[in-house]
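Under the numbering used here, the letters of the sequence shown match residues 427 to 713, in that order. We put the CB at the ideal spot given by N, CA and C, even for glycine.
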Amino acid sequence: MTLRSVTKVFTAAPSRDGDGVDLRRAFPAADLKDLDPFLLLDHLGPTPLGPGEARGFPPHPHRGFETVTYLLEGEIEHRDSWGNHGTIRPGDVQWMTAGSGLVHSELPGETLLREGGTLHGFQLWVNLPKLDKMTPPRYQDTPAASIPVVRNAEGTVSAKVVAGETLGVKGVIDTRIPILYLHLTLQPGARFEQAIPKTSNALVYVIEGAGQFDEIEASAHQVAVFDRGGEGVRIANPGPSRVSLLLLAGEPIGQPVARYGPFVMNSKEELLQAVDDYQQGRMGVLG
Ligand code: FE2
């Protein structure tokens with residue numbers, strides 16, 4: 427397998443969003459506006475929280491793309507303007523196709539708020555092709571128990587398959603375009619290769635430890651972006667401690683991106699329509 431090279435490595439800057447959620451926004455950032463089809467990646471926490479300290483994302487709309495929430499610790503209670511409601515717990519993934527639009531809140535679960543704890547997770551935004559932007563909203567609420575975790579033959583690499591396929595195991599979540607979303611853990615000395623279609627864009631986000639990608643090293647909170655010059659990527663852990671990371675790859679959509687806050691469409695006119703639909707309550711109302 428020919429291997430892709432890393433074109434850039436940069437560090438996700440600490441930031442804050444919602445009503446005071448500490449996070450690192452990997453992109454959009456000065457170093458990377460987006461990586462078609464990926465529009466945004468936030469690393470939430472890990473933030474230790476005392477009783478009553480947990481914060482979240484009060485009601486806000488979305489249209490034209492998908493939000494993927496993957497939680498490692500804590501809990502997020504989700505509620506939307508069409509009556510959907512649920513709690514995302516550690517290991518769970520919520521793959522939400524906002525499509526034509528909804529208003530939702532993502533707030534700390536009752537236990538996390540009352541007792542405190544740690545909030546730690548990720549939110550990824552995946553763009554939708556023009557034809558799917560106005561599809562009815564859809565949820566794939568996927569509990570940890572339904573998400574496959576696979577190990578290599580040596581037992582030195584574990585992969586949680588959120589989407590796509592690795593080591594002969596397929597994820598259970600449907601995606602509109604081909605997406606690979608793996609949470610990989612490499613023990614010291616481990617090496618891992620993953621085939622990725624030559625047409626797809628790919629990046630890694632390092633959660634913990636330091637890994638080697640091609641010849642380039644990246645450590646916790648760093649993003650490494652791959653070129654499209656090979657059939658796959660090689661990830662190694664040359665260090666003394668384990669490395670944990672997200673490997674994301676997706677088929678670029680290749681259409682114009684018009685973006686305004688929580689709306690991602692193809693043209694300015696469609697954005698104005700989205701703002702109007704939201705303000706007129708056509709995405710529903712969350713009381
Ligand atoms: Fe949201």
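With respect to the 9 angstroms criterion, Arg430 and Ala628 are classified as neighbours on the basis of their beta carbons. Along the length of the segment 630-655, whole alpha helix (DSSP H) runs at least 4 residues long do not occur.
At a threshold of 8 angstroms, Thr428 does not count as near the ligand FE2, since its beta carbon sits no closer than that to any of the ligand's heavy atoms. With 6 angstroms as the limit, the residues whose C-beta approaches a heavy atom of the ligand FE2 more closely than that are Phe483, His486, His488, Thr493, His530 and Glu532, in chain order.
When secondary structure is reduced to three states using DSSP, Lys586 falls in the strand class. The way I'd put it, the segment 465-477 does touch the segment 541-548; three or more beta-carbon pairs between them come closer than 8 angstroms. Classified as exposed, Ala456 has fewer than 16 neighbouring CB atoms from the shown chains inside 10 Å of its CB. With respect to Ile603, Gly676 sits close: the two C-beta atoms are nearer than 9 angstroms. Approximately 7 angstroms separates the beta-carbon atoms of Ile661 and Leu612; this is inside 8 angstroms, confirming the contact. Residue pairing of Leu606 in beta bridges, as defined by DSSP: Ala675. The continuous beta strand (DSSP E) containing Leu449 extends over residues Val447 to Phe453. Under a 10 Å Cβ-count criterion, Arg489 is classified as buried, with 16 or more other Cβ atoms of the shown protein chains found around its own Cβ. Here the segment 569-579 does not lie against the segment 548-561, with fewer than 3 beta-carbon pairs under 8 angstroms apart.
A Cβ-Cβ distance of about 6 angstroms is found for the pair Leu497 and Asp518, placing them in contact under the 8 angstroms criterion. Between the alpha carbons of Val447 and Gly512 lies a distance of about 20 angstroms. Per DSSP, the unbroken alpha helix (DSSP H) holding Thr537 starts and ends at Glu536 to Glu541.
Beyond the five residues adjoining it in sequence on each side, Leu697 comes within less than 7 angstroms, by CB distance, of Ala684, Tyr686, Phe689 and Met691 in the same chain, given in chain order. The DSSP assignment places 483-488, 491-499, 502-506, 511-514, 519-523 and 528-534 as complete runs of the beta strand (DSSP E) inside the segment 483-534, in order along the chain (cut-off: 3 residues). Within the model, the alpha-carbon separation for Val575 versus Pro485 is close to 33 angstroms.
The C-alpha of Pro516 is placed about 13 angstroms away from the C-alpha of Lys586. Where Glu479 is concerned, there is no enclosing beta strand (DSSP E), because DSSP gives it neither an H nor an E. When C-alpha distances from Ile622 are compared across Ala644, Arg654, Ser645 and Ala616, the shortest belongs to Arg654. Boundaries of the beta strand (DSSP E) harbouring Gln620: Arg617 to Ala621, taken from the DSSP string. For Val576, the uninterrupted beta strand (DSSP E) run begins and ends at Val575 to Arg577, by DSSP.
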